[in-house]
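**Student:** Have a look at this one before I ask anything.
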Amino acid sequence: MRGFVKDIRLVIFIAIILILSVRGIYGNPRSSELSTNTWSEEGPFELSPERGRFALVYSLIEDKSVFFSLPIARFAIPDLGYSDGKYVSLFAPGVSFVALPGYLIGKTFGVSQVGTFLVISLFALMNAILVKRIASYFGAKKLAATIACFAFLFATPAYSYAASLYQHHISTFLILLSIYFLLKKERFVKYLVIWVSFGISILVDFPNFFLFLPIIFFSIAKVFKLRFLDEKIKIRVELVRLLSVIGLVLPFVLLFWFNNLSYGSPFRLSGTVENVREIGTTGLPIRQEIEDKEISETDQEALSFFKTRNMINGLYVLLLSLDRGIIYFAPIVLFGVVGILELNKKAVIKSLLVSILVLNLTIYALWGDPWGGWAFGGRYLIPSYAILSIFIGIAVTKLRHNFLFMFMLFLTLAYSVLVNTLGTLTSNTNPPRTEAEHLSYLYHKDEKYSYDRNFDYILNKGSKSFIYGQYLEDWLSPFEFYLIVSLSLISVVSASITYLHLFGQDSEMEIVIKRESSGKNLRINLGIVEKLKALPRNIGLW
Amino acid sequence: MDKFAIELTLSRVKTLKIKNFIDKNLGTLVLCFLLGFSIISFIVYSQNGLALKYNDARSHLDIGRRVVEGLKPGVAQLGSVWLPLPHILMVPTIWNDFFWHSGLSGALISMVSFVGTGLFIYKFLEKLGVGILGKLVGVGVFIANLNILYLQSTAMTESLLLLTMTAGVYYLTLWARDEKLINLVKSAFWIMISTVTRYDGWFLAVFASVLVGFIVIRKKGIKAAEGNFVFFATLAGFGIFLWFLWNLLIFKDPFYFAFGEFSARTQQTQLEAAGELPTKGNLFLSFKAYFFALVYNTYTYPFFVGIIGFLALIQDKKINWRVRLATLALFGALIFNVIALYMGHSVLFLPEIIGKTWFNVRYGVMLLPMIAISFGYLVERAKNYRFMILGVFFLVSFFAFVNQDAVVIDDAVYGSSQKNVTEVAGWLRKNVLREEGYVLISAASHDAIIFSSGLPMKKFIHEGTGAYWDYAVENPDKWAKWIVMRTYDMNDLTYNEIHDAEGLEKYELVDHYPFADIYRLKSEYISEVITKPILGKIK
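So the sequence lines, in the order shown, correspond to chains A and B.
The first sequence begins at 0 in numbering that gives the first Met the number 0 and counts up by one.
The second sequence begins at 0 in numbering that gives the first Met the number 0 and counts up by one.
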């Protein structure tokens, strides 16, 4: 909270941009209205991830049940489960639980859907602040850390998923929060927060289990302390840190309770429930023989979805492809790689961050659907965008006087902001390339699959922004609105870059005392720089 | 917070003793581990029926068997299609029916090779100054791969090639480091062995000879380089010379293996005519095809980590530049395979990349020792990231094992490398085993049927049986009670030879199968057919 107060101007600016960007329609929709075009394809619930999670929010509050009524079930298709004759959610319930307060607050103002979506925007805002604070911990200058937080939130697909109801910002928040707490002093609460975050992350999205592994191993390693004495080795087991595992209890109890209610057993996961893709006029699911056979194989399918043979294609899709690749949607984060190379201190925490990055990339490269269905950019890599953005702060700090670097940074940042604002203000419904090509073949129509699709959207269909649709539509064209949002972001970023390049003087100096095999870093005030001249010759200065 | 803790104390002397014990016996432990994995894998793949799924595996076993049993046994049965060493090594065991039909005769060579390759990877890393963890990881990367575990459980030749190539490069790097002539001789010996195992070894012989010249030229000048090059090339290339000689003596043409009617080239020409050799003349596609074979065989992640490790190794100034140069020989297989694909001497199918099915995808396993060594080396070097590198490796390997992800097995079960001859072989076993008389069949086309039928080799008259074959294709009704062939397919040597023979009318078609038709001599002519090996007696 202190962080928020400290960065109040930044928080206000980001909040304004996010409020301008959040997708929505005025009103408290009833269950019968949700499946209409206004709310679904043409509205804020354009894809099944938003629909499935909102369906559970709606059902929990309006129907006081985890089971979907028939209109809600129809709304949740195709991610709809069927267990013991009742329709249930197929998603991990965490996002819906977290979004409940937003729905309730929004409902009192007549905007239940917008309120729900704003919960995710709030997490996005917190993520931006966490990126800034972690970058500062690594030695990024204040303005460089601000550029890092802007790069994450507005120059990557993270922006697009801050304006809708997806799990990614909550997952990223839990990861960043755990990292942030790892940097803090050794206290019981530090480890407790990490374990609670781990538990909640599984409640939010099951693959988070893998992304959290480096953090968890790091925390477990901290339980043991090794001391090498002359004749003895002492192993100290910190019981309090070990006890912090109880932080898992509450989230797991919640998960088991939900599973028990929804699927009849605390240990039955949503992935193993029968998937319903169509409901008949009688209200019963329409089954096909082939599908029934597939249902019995669901257990096996859960693991077989991660295949090493998918990996090369997954890496291509996530990194290089025109439909989802970082290189087209968020090239700014590549400057983070420079930061990783430039940072020569805090090696352990640095390696932890790199581990999460590599795991994130590996897990979703192994995943059978690296595209994330119809989506804008590589949505599965949002935690990686955050981590790479932290390192952008380092790179900018280290190379802020290098004109070429800063100029390239500005150009790439501006491009990335333009691309991602386009996605945020329009739609996430970009098909994977193969699907787009198939659709083009079927309907003899050019189906675009990259951000040029969003450009067409803003020119021809408009914007899905709630504020634009509700208050600005009569004053501005969608394209003008897009220009105002993106150019205001670029202005702030370019001002920061320029200021940092021209006036970002050193108030302190970093020296690296070189030994044969390792370096030791010291930060000293420039006031004593004169005294450095007296140092022995074998000490190198940077 | 500090109050709630348990403290354990270990004696440093004892822990040092344990460490010393591990240091001293790690090689033995690794050997036991490799042996365990090798034996378990063989049992698993034998019991689930996958061990002999490769058509080529059955052919290799049959070639070995024909040397010791059949109508015309002898070393000439080694033939010219494949290089002879794997079959020669089978001879001590292949005479035994169990060793032949279980495939153990060939698998045993693969298993020993697998264990040997693992040990050379371990030794390689040791010589590079890699610690315990790096060495174990290197061996672990090699073992934790279902493709290699499968290949070491079957009678294929890749395992043996990996051993000979890895050993050759290992001794080459030793020589590069200490310049002891004995290491150069050992290197040349192992490479010579590889040249009589698979043609990949030929390229390694040339590549390693050039590297030897290069290494010496920088330090001792052109004259010394010439001497070392000739010395090494002569020893390493001796196997190639012997193969030419063999072809000249047996088939009257030193290039018979390359241009003969059963050569790979002939097959490739047919594929090219059918438009199924797209890599020929296309360097990019050749590289792409082999690149995908590599990543599929190595589970992608180890491949990329291995490449990074290799780049780190090449740039490591602490390692003698001659050693670094010598390790380039580990890349020999990559260059060979790309060139072979480009020149149309090799064929590789990978669904969605080239062709509609799998074929020869196992070639991608050739770089596994290089990847394992580089991986282990990187784990040693990247101290801050070693747990990350290992963690992701465990995760990727976990998914690979859980999902039984092995392209080599897919090729054997669903790809073009398989041949399901159960029905036709089953018919022969049921109807021929207890009866007298011979089966006329082309071994080049139907070795899988010969093997799977379970009949003794001496029941078959094939193109390697000399006069039996010559007489039988002239007058089949006098020599063969049954004929197995693909009717109307001129590539089937039996049909090619007998389709216009008069005696063919005396046969009736008894069954028709996907890979072959079975003909039986009509009952009225059976009394005239020869059922005993009379030619040996006449001689």
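Positions of the beta carbon are idealized from the N, C-alpha and C atoms, including for glycine.
1) Give the residues of chain B in contact with Pro-213 of chain A, contact being defined as C-beta atoms less than 9 Å apart.
2) Roughly how many angstroms separate the alpha carbons of Leu-312 of chain B and Thr-361 of chain A, rounded to a whole number?
3) How big is the Cα-Cα spacing for Ala-272 of chain B and Thr-196 of chain B?
4) Are the region 371-380 of chain A and the region 159-172 of chain A touching by the rule of at least three beta carbon pairs closer than 8 Å?
5) Could you check whether the Cβ of Arg-308 of chain A sits closer than 7 Å to any Cβ belonging to chain B?
6) Might you give, ordered along the chain, the residues of its own chain that have their beta carbon closer than 6 Å to the beta carbon of Ile-7 of chain A, omitting 5 neighbours on each side?
7) Okay, do the region 206-215 of chain B and the region 229-247 of chain B touch, 3+ Cβ pairs below 8 Å being the bar?
8) Does the CB of Thr-361 of chain A have a neighbour CB from chain B at under 7 Å?
9) Taking Gly-51 of chain A as part of the alpha helix (DSSP H), name the residues at either end of that continuous run.
10) Between which residues of its own chain and Leu-7 of chain B is the CB-CB distance below 8 Å, once the five residues before and five after are set aside?
11) Within 10 angstroms of its Cβ, does Phe-217 of chain A collect 16 or more other Cβ (buried), or is it exposed?
12) Taking beta-carbon pairs under 9 Å, can you tell me which members of the region 322-354 of chain A lie near chain B?
13) In whole angstroms, what is the alpha-carbon distance linking Leu-427 of chain B and Lys-418 of chain B?
14) Taking DSSP as the reference, what is the three-state secondary structure of Val-229 of chain A?
15) Chain B partners of Val-192 of chain A, CB-CB under 9 Å?
16) Using a Cβ-Cβ cut-off of less than 9 Å, list which residues of the region 360-374 of chain B approach chain A; keep chain order.
17) Any idea which residues DSSP pairs Asp-6 of chain A with across the strands?
18) Quick check on the DSSP output: the alpha helix (DSSP H) that includes Ser-30 of chain A runs from which residue to which?
19) Name the DSSP beta bridge partners of Met-484 of chain B, please?
20) The beta strand (DSSP E) spanning Phe-358 of chain B covers which residue range?
21) Once DSSP output is grouped into helix, strand and coil, what is the label at Thr-165 of chain B?
22) Is the CB of Ser-303 of chain A under 7 Å away from at least one CB in chain B?
23) Ends of the alpha helix (DSSP H) at Val-118 of chain A?
24) Taking the C-alpha atoms as reference points, what is the distance between Ala-329 of chain A and Tyr-467 of chain A?
25) Please work out which residues of its chain come closer than 7 Å, Cβ to Cβ, to Leu-412 of chain A, disregarding the five sequence neighbours upstream and downstream, and give them in chain order.
26) Of the choices A:Phe-390, A:Pro-431, A:Ser-426 and A:Gly-270, whose alpha-carbon is the least far from that of Gly-313 of chain A?
27) Tell whether a beta-carbon distance below 7 Å holds between Ile-460 of chain B and Ala-443 of chain B.
28) Determine the chain B residues that contact Glu-230 of chain A at a beta-carbon separation under 9 Å, and present them in chain order.
29) Give the interface partners of Ala-288 of chain B over in chain A, defined as CB-CB distance under 9 Å, in chain order.
30) Which same chain residues, not among the five before or five after Gly-167 of chain B, have their C-beta less than 7 Å away from its C-beta?
31) With 7 Å set as the bound, which would you pick, yes or no: does the beta-carbon of Thr-278 of chain B sit closer than that to a beta-carbon of chain A?
32) Can a CB atom of chain A be found closer than 7 Å to the CB of Ala-399 of chain B?
33) In whole angstroms, what separates the C-alpha of Phe-227 of chain A from that of Phe-180 of chain A?
34) Among residues of its own chain, excluding the 5 on either side of Tyr-81 of chain A, which ones have a beta-carbon nearer than 6 Å to its beta-carbon?
35) Which of the three DSSP states, helix, strand or coil, is assigned to Trp-320 of chain B?
36) Which same chain residues, not among the five before or five after Leu-247 of chain B, have their C-beta less than 7 Å away from its C-beta?
**Tutor:** In brief:
1) Under the 9 Å cutoff, chain B gives Phe-386, Met-387 and Gly-390.
2) Answer to the nearest angstrom: the Cα atoms are 24 Å apart.
3) Going from the Cα of Ala-272 of chain B to the Cα of Thr-196 of chain B covers about 29 Å.
4) The region 159-172 of chain A and the region 371-380 of chain A touch, with three or more beta-carbon pairs separated by less than 8 Å.
5) Interface criterion met: the Cβ of Arg-308 of chain A is under 7 Å from a Cβ in chain B.
6) Around Ile-7 of chain A: no qualifying Cβ.
7) Segments in contact, yes.
8) Yes, contact with chain B.
9) Counting along the chain, Gly-51 of chain A sits inside the alpha helix (DSSP H) bounded by residues 47-57.
10) Contacts found: none.
11) It is buried - the Cβ of Phe-217 of chain A has at least 16 other Cβ atoms within 10 Å.
12) From the region 322-354 of chain A, only Ala-346, Val-347, Lys-349, Ser-350, Leu-351, Val-353 and Ser-354 have a Cβ closer than 9 Å to chain B.
13) If you draw a straight line from the Cα of Leu-427 of chain B to the Cα of Lys-418 of chain B, it comes to about 16 Å.
14) According to the sequence shown, residue 229 of chain A is Asp rather than Val. Taken through DSSP and simplified to helix, strand or coil, Asp-229 of chain A comes out as coil.
15) Within chain B, no residue comes near Val-192 of chain A; the closest Cβ sits about 15 Å away, beyond 9 Å.
16) Cβ contacts with chain A come from no residue of the region 360-374 of chain B.
17) When DSSP reads this structure, Asp-6 of chain A sits in no beta bridge, so it has no partner.
18) Note, Ser-30 of chain A: alpha helix (DSSP H), 30-33.
19) For Met-484 of chain B, which the question treats as bridged, DSSP gives the partners B:Asp-516.
20) 353-358 is the extent of the beta strand (DSSP E) around Phe-358 of chain B.
21) For Thr-165 of chain B, the three-state secondary structure derived from DSSP is helix.
22) Chain B places a beta carbon closer than 7 Å to that of Ser-303 of chain A, counting this residue as a contact.
23) That run of the alpha helix (DSSP H) goes 111-136.
24) Spanning the two alpha carbons is a distance of roughly 25 Å.
25) Excluding sequence neighbours, Leu-412 of chain A sits near Ala-150, Ala-154, Ile-331 and Val-492.
26) With distances taken between Cα atoms, Gly-313 of chain A lies closest to A:Pro-431.
27) Their beta carbons are not under 7 Å apart, which means Ile-460 of chain B does not touch Ala-443 of chain B by this criterion.
28) Using a Cβ-Cβ cut-off of 9 Å, Glu-230 of chain A is close to Ser-10, Arg-11 and Val-12 of chain B, given in chain order.
29) Neighbours of Ala-288 of chain B on chain A: none; closest Cβ ~13 Å, over 9 Å.
30) Hits under 7 Å: Ser-186, Trp-189, Ile-190, Ser-193, Leu-203 and Ala-207.
31) Taking Cβ atoms only, chain A never reaches closer than 7 Å to Thr-278 of chain B, which makes this a no.
32) True, the Cβ-Cβ gap to chain A drops below 7 Å.
33) The straight-line gap from Cα to Cα measures roughly 28 Å.
34) Contacts found: Glu-273, Val-275 and Pro-284.
35) Trp-320 of chain B: helix per DSSP, three-state reduction.
36) Counting only Cβ-Cβ distances below 7 Å, and skipping sequence neighbours, we find Pro-253.
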